[in-house]
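S.K.: So in UniProt numbering, the last spot in the sequence shown is 331, and the numbers never skip. Beta carbons are placed, not taken as given, at the ideal position from N, Cα and C, and that holds for glycine.
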Amino acid sequence: MKAVVMRETGGPEVLSLEEIETPEITSATQVKVRIEASGVNPVDTKLRSRGLFLPDGVPAVLGCDGAGVVVETGSQVTQFRSGDEVWYCDGGLGGLHGNYAEYAVIEESVCCKKPVSVDFIHAAAAPLVLITAWEALFGRARLTDEKTLLVHAGAGGVGHVAIQLAKQAGARVLTTVSTKEKQAFVASLGADESILYREHGFVDQVMALTGGAGADVVLDTVGGDVFKASIDATSPYGDLVTLLDPGPAVDWKEARNRNLRVGFTLMLTPMLRHLPQARANQVAILSDCAEMIDSGSLRIHVSDSLPLDQAVKAHELIEQGRMQGKLVLIP
Numbered sequence: 001m002k003a004v005v006m007r008e009t010g011g012p013e014v015l016s017l018e019e020i021e022t023p024e025i026t027s028a029t030q031v032k033v034r035i036e037a038s039g040v041n042p043v044d045t046k047l048r049s050r051g052l053f054l055p056d057g058v059p060a061v062l063g064c065d066g067a068g069v070v071v072e073t074g075s076q077v078t079q080f081r082s083g084d085e086v087w088y089c090d091g092g093l094g095g096l097h098g099n100y101a102e103y104a105v106i107e108e109s110v111c112c113k114k115p116v117s118v119d120f121i122h123a124a125a126a127p128l129v130l131i132t133a134w135e136a137l138f139g140r141a142r143l144t145d146e147k148t149l150l151v152h153a154g155a156g157g158v159g160h161v162a163i164q165l166a167k168q169a170g171a172r173v174l175t176t177v178s179t180k181e182k183q184a185f186v187a188s189l190g191a192d193e194s195i196l197y198r199e200h201g202f203v204d205q206v207m208a209l210t211g212g213a214g215a216d217v218v219l220d221t222v223g224g225d226v227f228k229a230s231i232d233a234t235s236p237y238g239d240l241v242t243l244l245d246p247g248p249a250v251d252w253k254e255a256r257n258r259n260l261r262v263g264f265t266l267m268l269t270p271m272l273r274h275l276p277q278a279r280a281n282q283v284a285i286l287s288d289c290a291e292m293i294d295s296g297s298l299r300i301h302v303s304d305s306l307p308l309d310q311a312v313k314a315h316e317l318i319e320q321g322r323m324q325g326k327l328v329l330i331p
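This is how it looks when you write it as structure tokens:
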């Protein structure tokens, strides 16, 4: 089969389209999927440039998100049969088990039936960001309807679904964006207020919009200085959740003085630590989100879809940091 293979760390140019062996079912509980689309996420570019999670991970096929059609099932598979359309988040952390490819073999337990109302492109764009946003908002921050949420980079992959999930929960949503075009986009998703962070300091704007109280919950999808400044935008006894490593330069004094609950979300942990119950919980999240998508209360925005042989361009676009929504590769 054709797949995008990474044989060393480095820039986007280390990705090359190659012919490799098609994976085959080796366990009675596995399904083989013909991949129709694969989501591209910022974590893919970090793994490519900084190194893989798994020690002897190269050569590697990246891509955690996939959507496609089941073409074969193991003898003990009960939930799926050939022809079923599925979506999932699995693989892409090292070795040849990733989704920038034509086929994947995965465990039945991590697979979920695709929402019927969307195509494979939109389905493939969604799993990692949906699970990330859900776990951050409801698992870490315990978001409820009486709270005000600040989402950083609300037009991005995680941000644009976090806005919608929070509005479904009844929260008030503030978000930061870089352009007026993105301001209009997040408004269409239901954001109550958007802050052009390049024109105005977001901390002052958040304090003005909350009457000096600060946001009850802050979701940091950017890291670095944004995380550090977010401490001052979070209300006393509030929750500050980040998807990134804050680094060693954070002065935690103000966070302590505000009695903040600081949380971390890495939705890949169940894969990395082999936690079956946590993975089952993530599949349940996808199932709930599929119902929301099919009901029209949740939508996935795809900025562009590219052929598999343009994976280099896809990584370049992600690293430019101007993406709105998601980017997808099509085998």
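Residues in its own chain within less than 8 Å of aspartate 304 by CB, not counting five upstream and five downstream?
M.R.: Leu317, Leu327, Val328, listed in sequence order.
S.K.: Need the endpoints of the beta strand (DSSP E) that alanine 104 sits in, please.
M.R.: Looking at the DSSP string, the run of the beta strand (DSSP E) that includes alanine 104 is 103-107.
S.K.: With distances taken between CB atoms, is the gap from glycine 51 to threonine 9 smaller than 8 Å?
M.R.: Yes. Within cutoff.
S.K.: Could you check what DSSP says for isoleucine 285 in three-state terms: helix, strand or coil?
M.R.: Reduced to three states, the DSSP call for isoleucine 285 is helix.
S.K.: Between the alpha carbons of lysine 313 and phenylalanine 53, how many angstroms are there, rounded?
M.R.: Spanning the two alpha carbons is a distance of roughly 23 Å.
S.K.: Note down, one range per segment and in chain order, each alpha helix (DSSP H) of at least 4 residues found wholly within the segment 66-150.
M.R.: Complete alpha helix (DSSP H) runs here, min 4: 120-124, 127-134.
S.K.: Cutting at 6 Å between CB atoms, please list the residues of its own chain near histidine 301, excluding the five before and the five after it.
M.R.: Excluding sequence neighbours, histidine 301 sits near His160, Gly325.
S.K.: Compute the beta-carbon to beta-carbon distance between valine 4 and leucine 308, rounded to the nearest angstrom, for a pair I have assumed lies under 8 Å.
M.R.: Their Cβ separation, rounded to whole angstroms, is 6 Å, which keeps valine 4 and leucine 308 in contact under 8 Å.
S.K.: Kindly indicate which residue of Ser27, Gln310, Gly263 has the alpha-carbon position closest to the one of proline 246.
M.R.: Nearest option by C-alpha distance: Gly263.
S.K.: Which term fits proline 248, buried or exposed, when burial requires 16 or more other beta carbons within 10 angstroms of its beta carbon?
M.R.: With fewer than 16 other Cβ atoms within 10 Å, it is exposed.
S.K.: According to DSSP, is glutamate 19 helix, strand or coil?
M.R.: Here glutamate 19 sits in strand by DSSP.
S.K.: Grouping DSSP H, G and I as helix and E and B as strand, with all else coil, what is glutamate 254?
M.R.: Note: glutamate 254 maps to helix in three-state DSSP.
S.K.: Can you list, in chain order, the residues of its chain whose CB lies under 7 Å from that of valine 77, leaving out five sequence neighbours each side?
M.R.: Once the five neighbours on either side are set aside, the close Cβ partners of valine 77 are Thr29, Val31, Glu108.
S.K.: Could you pull the start and end residues of the beta strand (DSSP E) that valine 14 belongs to?
M.R.: That residue, valine 14, is in no beta strand (DSSP E); it is neither H nor E in DSSP.
S.K.: Please confirm if the segment 189-209 is in contact with the segment 121-137, defined as three or more CB-CB distances below 8 Å between the two stretches.
M.R.: No contact exists between the segment 189-209 and the segment 121-137.
S.K.: Between the alpha carbons of glutamate 319 and glycine 224, how many angstroms are there, rounded?
M.R.: Roughly 16 Å separates the two Cα atoms.
S.K.: DSSP three-state label for glutamine 324, please.
M.R.: Coil at glutamine 324, not helix or strand.
S.K.: Determine the contact status of threonine 221 and phenylalanine 202, defining contact as a CB-CB distance below 8 Å.
M.R.: Contact: no.
S.K.: Between which two residues does the alpha helix (DSSP H) containing valine 61 stretch?
M.R.: No alpha helix (DSSP H) holds valine 61; DSSP gives it neither H nor E.
S.K.: Among the candidates Val217, Asp251, Pro127, whose CA atom is the shortest distance from the CA of isoleucine 285?
M.R.: With distances taken between Cα atoms, isoleucine 285 lies closest to Pro127.
S.K.: Starting from phenylalanine 264, trace the beta strand (DSSP E) in both directions and tell me its first and last residue.
M.R.: Element bounds for phenylalanine 264: 261-264.
S.K.: Sort out for me which residues DSSP pairs serine 188 with in a bridge.
M.R.: Partner(s): none; serine 188 has no beta bridge.
S.K.: Specify whether the segment 104-120 and the segment 80-90 touch according to this definition: at least 3 beta carbon pairs, one from each stretch, less than 8 Å apart.
M.R.: The segment 104-120, when compared against the segment 80-90, does touch it at the 8 Å Cβ threshold.
S.K.: Just the C-alpha distance for serine 188 and glycine 156, rounded to the nearest angstrom, thanks.
M.R.: The alpha-carbon atoms of serine 188 and glycine 156 are separated by roughly 14 Å.
S.K.: Applying the criterion that 16 or more other CB atoms from any shown protein chain within 10 Å of the CB defines a buried residue, is lysine 182 buried or exposed?
M.R.: Per the 10 Å Cβ criterion, buried.
S.K.: With a Cβ-Cβ cutoff of 8 Å, do alanine 166 and valine 173 count as a contact?
M.R.: Yes.
S.K.: What residue range does the alpha helix (DSSP H) around methionine 207 cover?
M.R.: That run of the alpha helix (DSSP H) goes 202-209.
S.K.: Is isoleucine 300 helix, strand or coil by DSSP?
M.R.: Of the three classes helix, strand and coil, the one that applies to isoleucine 300 here is coil, per DSSP.
S.K.: Any idea what DSSP makes of threonine 176, helix, strand or coil?
M.R.: Correct three-state label for threonine 176: strand.
S.K.: Just the Cα atoms here: how many angstroms apart are aspartate 294 and aspartate 119?
M.R.: Distance between the alpha carbons of aspartate 294 and aspartate 119: 12 Å.
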